[in-house]
Amino acid sequence: MSSLTVTALTKAFGSTPVLTGVDLHVPAGGLTALLGPSGCGKTTLLRLVAGFDDPDSGSVTLGDRLVAGAGRGVPARSRGIGFVPQEGGLFPHLTVAGNVTFGLARQRRRDRGLVRELLDLVGLDVDLADRSPHQLSGGQQQRVALARALAPEPSIVLLDEPFSSLDAGLREDTRQAVGAALAAAGATALLVTHDQAEALSMADQVAVLRGGRLVQLSDPRTLYQRPADLDVAAFVGESVVLAGDVRDGRAESVLGSLAVTGAVPAGPARILVRPEQLRLVAPAGRGPRGRVRALDYYGHDSRAHLELPGGQTVTARLEGADLPSVGQEVGIEVVGAAVAFPVAGGAADVAGPAGAAGPVDAEPTRRRPAEAIS
Amino acid sequence: MLDPASPGAPVPPAPRGSGVAARGGRRLRRSPVTLALAVCVAVLALLPLGYIAGYTVDVGWSGVRELVLRPRVAELLWNTCRLVLGTVAVCAVLGVGAAWLVERSTVPGRRIWHVLLVAPLAVPAFVNSFAWISLLPGLDTYAGALLVVSLSYFPFVYLPAVAAFRGLDPALEETARGLGLSGWAVFARVQLPQLRVALLGGSLLVALHLLAEFGALQMLRYPTFTTAIYDQYRATFNGPGATMLAGVLVLLCLLLLVAELRLRGARSYAGSGRGAVRPVRPAALGRWTLPALSALAALVVAALLVPLGALAYWTLAGAAGDLDVADLATTTATTLALAAVAAVVTTALALPTGRLAVRARSRVATLLERATYVGSAVPGIVVALALVTISIRATPWLYQTVPVLIAAYAILFLPRAVVPVRAAVEQSPPLYDDVAASLGSSGADRLRRITLPLLAPGLGAGAALVFLAVVTELTATLLLAPTGTTTLATAFWSASSAFEYGAAAPYAVVMVLLSAPATVLLSRNTRRGLLP
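So the protein sequences, as listed, match chains A and B.
Under the UniProt record's numbering, the residue at position 90 of the first sequence is numbered 90, and the numbers go up by one with no gaps.
Under the UniProt record's numbering, the residue at position 160 of the second sequence is numbered 160, and the numbers go up by one with no gaps.
As structure tokens, then:
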């Protein structure tokens with residue numbers, strides 16, 4: 001295994017720029033998720049790392065070996081990478097064993113013990129070895145594809161949305177099996193995904209790609225708790241965005257005076273809290289309050305849509321059985337710190353229902369130019 | 001065709017490489033050799049058409065008017081059209097009716113009936129017409145021609161109709177029954193509309209084949225464009241009369257072809273991805289069982305037993321006297337050799353076109369692929385006529401040689417190879433190449449371990465289909481075969497034209513035996529149509 005370093009990588013198809021200068025470092029032995037909406041260039045980045053396409057400029061380094069850039073292009077077959085495509089891409093004319101041992105030297109291909117070992121690594125029974133790919137379920141195909149990629153002991157494994165074609169139940173199992181196999185093999189892995197839950201739960205670090213640029217690279221917790229901007233915040237989870245005024249490490253907002261993480265310059269700002277930070281209490285005195293407009297009940301938890309006195313609607317995630325009824329007036333408390341994003345031109349444009357953001361409602365903020373933070 | 005999947009089994013979609021379609025243009029520029037080869041193939045395929053068009057321009061408007069606007073042409077047009085319309089109607093009734101009985105009713109022995117109803121395809125139409133006219137010499141009328149060609153061509157409707165019945169979702173019929181429709185109303189208002197595409201496709205195929213049919217109609221002495229072209233050719237070699245008749249015929253073919261190509265898109269939509277369809281409860285025939293059985297039996301007797309019986313009778317009758325076993329063996333060997341060479345050449349020619357159509361999806365690639373369809377829609381007699389004239393004028397040293405004959409076969413049967421080759425390329429997307437490369441496999445290694453194994457079934461299927469088509473090809477062979485070279489079809493033709501039925505029959509028997517395997521394959525796999 002080795003680390004991966006990508007420097008100032010650019011790529012355009014015709015006149016359409018896809019990557020516009022990406023810097024990324026993947027440390028050896030960890031799993032890095034490459035997260036972004038479809039069309040952000042993440043698959044292109046993966047293909048450049050794999051060597052299926054050549055970058056227009058910039059470089060790719062595996063360990064201390066330059067494989068692309070500076071006029072050099074090591075072909076894919078000499079890079080020592082493992083590749084797990086969407087839907088597995090198992091060779092249909094070969095058995096499971098034939099697929100798994102494809103990348104090995106001729107003498108080792110007949111080694112049944114090795115096949116057993118590799119299938120074992122991905123949590124599959126050796127009985128499957130003589131099946132054809134079309135006799136396997138989608139999840140099994142993905143595991144075989146991973147075993148095939150791991151067999152030649154690659155320096156890095158690239159996974160291109162490997163779980164997106166599986167249905168929900170299978171996806172969770174397959175994710176766990178793949179995560180365990182990668183950890184057991186001690187492989188460096190780069191996982192492309194557009195599913196934030198997948199990225200947050202599987203990865204050691206998450207790289208958020210947007211519009212051909214890297215916008216944030218951090219561990220999952222930091223990404224969720226301190227997103228680089230409101231757009232990233234909306235992409236990795238539900239968010240509540242309020243207009244506020246920052247002074248001395250606290251933000252005054254319609255939900256009261258909130259503690260703010262980090263050093264934020266004084267002045268108008270947009271304040272981010274997560275729905276699970278909102279607690280409903282009995283309305284008391286002059287504390288913030290709201291009216292329950294609707295309630296989504298999920299069993300393990302619920303989501304309340306609260307209308308604030310100013311007309312803005314925010315959501316709160318509620319645990320437990322003690323739920324308010326629709327139409328009830330409740331008091332609102334915020335637990336933990338909020339994140340503040342200073343607004344240059346004043347707070348006026350923040351107010352209104354658009355500020356109540358689920359991922360979809362965050363649309364207005366998408367048009368802002370991306371600020372690269374890494 | 002030789003699709004590895006059994007009928008009804010859902011074919012897993014091949015994984016797609018990311019953005020293949022979007023990068024078509026780029027890939028087109030990246031594969032200049034494939035592109036150049038595909039262009040050459042298209043030029044070859046369009047050669048006869050180009051010849052006819054060029055000739056028409058040379059003759060000029062007044063010449064065309066003089067040659068085409070004649071009572072004789074009107075008479076041929078009337079003959080051809082009424083035969084095509086009649087045959088299409090009869091084939092539609094026979095094909096859909098038989099398909100319904102076999103697929104959706106409780107008629108006993110459905111599997112056996114299915115094989116027996118596809119089997120007439122193993123008997124070339126000119127052999128079928130030989131059998132009927134040798135037994136009933138009075139069949140040289142419109143009714144006789146209608147009977148014989150309908151019996152030869154109804155499987156072209158039957159096969160797609162069976163496939164369509166199989167693809168119909170029974171849930172729709174159950175819904176209709178739930179809404180209170182009777183059995184007949186379900187057929188008329190639910191099933192028939194869904195069969196429309198299959199029925200139209202089959203009918204167009206019948207019509208295209210009929211326009212190109214020469215042997216069967218010549219034997220029945222029913223004058224149509226093909227027979228008239230042949231007679232003109234015999235009389236005046238390559239006179240303007242024959243060429244202009246060919247022009248009118250080609251125009252009719254192209255009209256039908258445009259309709260066929262338009263329907264093709266609809267067909268792939270209608271037949272796609274239904275997944276596993278629940279088994280259907282067949283309609284109980286009750287007291288109609290016996291009439292249904294009699295109808296099927298009558299059809300099979302007329303379409304299969306009459307020709308086979310006649311061949312057996314004449315073979316036995318001739319065995320005493322004029323059967324030359326050595327001649328038969330030589331002719332069979334010649335035919336097989338020609339068919340083998342044509343199969344290899346045609347499949348090789350199909351490779352660049354099929355590859356380009358999938359790997360570099362673009363307007364140019366589609367046009368090049370369509371060119372092979374257009375070329376093969378030109379009747380054999382026209383292809384032969386064009387190649388005779390072109391080879392005499394441009395390459396006299398090639399006139400009456402095997403390469404010209406092979407070229408004619410390639411033009412006529414290219415789509416039979418292009419379709420399976422294309423399907424095979426579709427099953428081996430560039431993704432597999434990428435994955436193999438990431439596993440350390442070199443270019444040559446990938447060709448050996450990935451590309452060839454994945455393409456082999458498609459190449460084999462294409463070659464087999466071309467091979468079987470060449471074995472029974474009559475018209476082009478008649479005009480283009482080098483002097484002294486006889487195939488099974490031409491040997492049969494010359495003997496039966498001389499009324500030596502006993503000498504002719506054994507050649508037909510060998511042709512039928514050689515065609516039989518293809519028929520078995522067709523009856524097994526009704527998912528795809530018979531022809532591209």
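We put the beta carbon where it would ideally sit given N, CA and C, even for glycine.
Worksheet item: By Cβ distance, which residues of its chain are closer than 7 Å to Ser469 of chain B, with the 5 residues on each side in sequence left out?
Response: The amino acid at residue 469 of chain B is misidentified as Ser; the sequence shows Ala. Counting only Cβ-Cβ distances below 7 Å, and skipping sequence neighbours, we find Phe413 and Arg416.
Worksheet item: What does Pro453 of chain B reach in chain A if we use C-beta pairs closer than 9 Å?
Response: Within chain A, the residues near Pro453 of chain B are Phe91, His93 and Leu94.
Worksheet item: Exposed or buried, Gln176 of chain A, counting other C-beta atoms within 10 Å across all chains shown (16 or more means buried)?
Response: So Gln176 of chain A counts as exposed.
Worksheet item: Would Arg274 of chain A pass as a contact of Val240 of chain A if the rule is Cβ separation under 8 Å?
Response: Closer than 8 Å, so yes.
Worksheet entry | Distance CB(Ala461 of chain B)-CB(Pro420 of chain B) smaller than 8 Å | Cβ atoms of Ala461 of chain B and Pro420 of chain B: closer than 8 Å.
Fill in: Contact residues within the stretch 412-442 of chain B, judged by C-beta distance below 8 Å to chain A
Residues are counted here when their Cβ sits less than 8 Å from a Cβ of chain A; for the stretch 412-442 of chain B these are Gln427, Leu431, Tyr432, Asp434, Val435, Ala436, Ala437, Ser438, Leu439, Gly440, Ser441 and Ser442, given in chain order.
Worksheet item: Hey, Leu479 of chain B and Trp493 of chain B: beta-carbon distance below 8 Å or not?
Response: Contact: no.
Worksheet item: How many whole angstroms separate the CB atoms of Leu121 of chain A and Ala184 of chain A, which I take to be in contact at a CB cut-off of 8 Å?
Response: Right, the Cβ-Cβ distance comes to about 6 Å (below 8 Å), so this counts as a contact.
Worksheet item: Using CA coordinates, which residue listed in B:Ala481, B:Val471 and B:Leu356 is at the minimum distance from Val388 of chain B?
Response: Comparing C-alpha distances from Val388 of chain B to each of B:Ala481, B:Val471 and B:Leu356 shows the shortest one belongs to B:Ala481.
Discussion item. For a cutoff of 8 Å on Cβ pairs, would you count Arg110 of chain A as touching chain B?
Written reply: At least 8 Å separates the CB of Arg110 of chain A from every CB of chain B.
Worksheet item: Nearest-angstrom Cα distance between Leu46 of chain A and Arg286 of chain A?
Response: Cα to Cα, Leu46 of chain A sits roughly 54 Å from Arg286 of chain A.
Practice prompt. Have a look at Glu87 of chain A and Ala436 of chain B and give me their C-alpha separation to the nearest angstrom.
Written response: C-alpha separation (whole angstroms): 15 Å.
Item to complete: Using a Cβ cut-off of 8 Å, pull out every chain B residue sitting near Ala76 of chain A, in sequence order please.
Response: Residues of chain B passing the Cβ test: Asp434, Ala437 and Ser438.
Practice prompt. Return the Cβ separation of Ala476 of chain B and Ala384 of chain B in integer angstroms, given the expectation that the two are a contact with Cβ distance under 8 Å.
Written response: Cβ atoms of Ala476 of chain B and Ala384 of chain B come within 8 Å of each other, at about 4 Å.
Fill in: Whole-Å CB distance - Ile411 of chain B paired with Gly375 of chain B, under 8 Å assumed
Yes, Ile411 of chain B and Gly375 of chain B are in contact; Cβ-Cβ is about 5 Å, under 8 Å.
Worksheet item: What does DSSP give as the partner residues of Arg287 of chain B in its beta bridges?
Response: BP columns for Arg287 of chain B are empty, so no partner.
Worksheet item: At what residues does the alpha helix (DSSP H) containing His93 of chain A begin and finish?
Response: Annotation: His93 of chain A is outside any alpha helix (DSSP H) and is labelled neither H nor E by DSSP.
Worksheet item: Which residues, taken in chain order from the stretch 140-160 of chain A, show a beta carbon closer than 9 Å to some beta carbon of chain E?
Response: Going by chain labels, chain E is absent from the structure shown, which instead holds the protein chains A and B.
Discussion item. Between Ser203 of chain B and Val88 of chain B, how many whole angstroms is the CB-CB distance? I'm expecting something under 8 Å.
Written reply: A Cβ-Cβ separation of about 5 Å places Ser203 of chain B in contact with Val88 of chain B under the 8 Å criterion.
Fill in: Coil, strand or helix - Glu213 of chain B by DSSP
Looking at Glu213 of chain B - three-state DSSP - the assignment turns out to be coil, as it is neither helix nor strand.
Worksheet item: Which same chain residues, not among the five before or five after Asp54 of chain A, have their C-beta less than 7 Å away from its C-beta?
Response: Around Asp54 of chain A: Ala68 and Gly73.
Fill in: 4 or more residues per run - each alpha helix (DSSP H) lying fully within the stretch 171-254 of chain B
Whole alpha helix (DSSP H) segments, 4+ residues: 183-186, 192-212, 215-219 and 225-236.
Worksheet item: On the three-state DSSP scale, how would you describe Ser132 of chain A?
Response: Per DSSP, reduced to three states, the secondary structure at Ser132 of chain A is coil, with no helix or strand assignment.
Worksheet item: Name the DSSP bridge partner or partners of Pro71 of chain B?
Response: In DSSP, Pro71 of chain B forms no bridge with anything.
Fill in: Proximal residues of chain B, C-beta to C-beta of Ala50 of chain A below 9 Å
Residues of chain B passing the Cβ test: Asp434, Ala437 and Ser438.
Discussion item. Quick check on DSSP: helix, strand or coil for Gly14 of chain A?
Written reply: Coil, per DSSP.
Practice prompt. Assign Ala155 of chain B to one of three DSSP states: helix, strand, or coil.
Written response: Residue identity check: residue 155 of chain B is Pro in the sequence provided, not Ala. Three-state result, Pro155 of chain B: helix.
Worksheet item: Closer than 8 Å, CB to CB, is Gly63 of chain A near chain B or not?
Response: Not a single C-beta of chain B is nearer than 8 Å to the C-beta of Gly63 of chain A.
Worksheet item: Is there a Cβ from chain A that is less than 8 Å from the Cβ of Ile450 of chain B?
Response: Interface residue (Cβ-Cβ distance to chain A less than 8 Å): Ile450 of chain B is classified as such.
Worksheet item: Any idea what DSSP makes of Phe341 of chain A, helix, strand or coil?
Response: Three-state DSSP puts Phe341 of chain A in a strand.
Worksheet item: Since Glu319 of chain A is in the beta strand (DSSP E), which residue starts that stretch and which ends it?
Response: Start and end: Thr313 to Glu319.
Worksheet item: Apart from the five residues just before and just after Gly273 of chain B, which ones in its own chain have a Cβ nearer than 6 Å to its Cβ?
Response: Residue confidence is low: Gly273 of chain B scores 42 on pLDDT, short of 50, so the model does not pin down where it sits. Its coordinate-derived value is still stated next. Excluding positions up to five away in sequence, the list is empty.
Discussion item. Could you compute how far the alpha carbon of Ala298 of chain B sits from the alpha carbon of Val344 of chain B?
Written reply: Looking at the two C-alpha atoms, the distance is approximately 40 Å.
Worksheet entry | Beta-carbon neighbours of Phe83 of chain A, restricted to chain B and to distances below 9 Å | Simply Asp434, Val435, Ala437, Ser438 and Leu439.
Discussion item. Just verifying my parser: in three-state terms, what is the DSSP assignment at Leu124 of chain A?
Written reply: It is coil, neither helix nor strand.
Worksheet item: Comparing the CB of Leu242 of chain A with every heavy atom of the ligand SAM, is any distance shorter than 7 Å?
Response: Summarising the ligand content, the structure contains no ligands, and the ligand SAM is consequently not present.
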